[in-house]
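Working notes, beginning with the structure itself.
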Amino acid sequence: AAAASEALETVEQRLKINRAAETLYFGLSMGSVLVLAAIGLAITFGVMGVINMAHG
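In this note's numbering, the protein residues as written are 3 to 58.
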């Protein structure tokens, strides 16, 4: 019973680490997409002087 409990704790610890890495990766991915959109809108506004929300 002790070995099974210890193995279960090891698996749960690895799952926790994987979940944290997945959350970090998702956050960085979403943040980079939003940064690219913001840069595109800033460049468009800087060049044309108009806020263009039909941004491709």
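Glycine included, each C-beta is placed from N, C-alpha and C at the ideal position. Quantities reported herein were computed from a predicted structural model and do not represent experimental measurements.
Quiz item: Secondary structure at Met-55, three-state DSSP: helix, strand or coil?
Solution: Coil.
Exercise. Express the C-alpha separation of Ala-22 and Ala-40 in angstroms, rounding to a whole number.
Key: Straight-line Cα distance between these residues: approximately 27 Å.
Exercise. Report the three-state DSSP secondary structure of Ala-3 (helix, strand or coil).
Key: Correct three-state label for Ala-3: coil.
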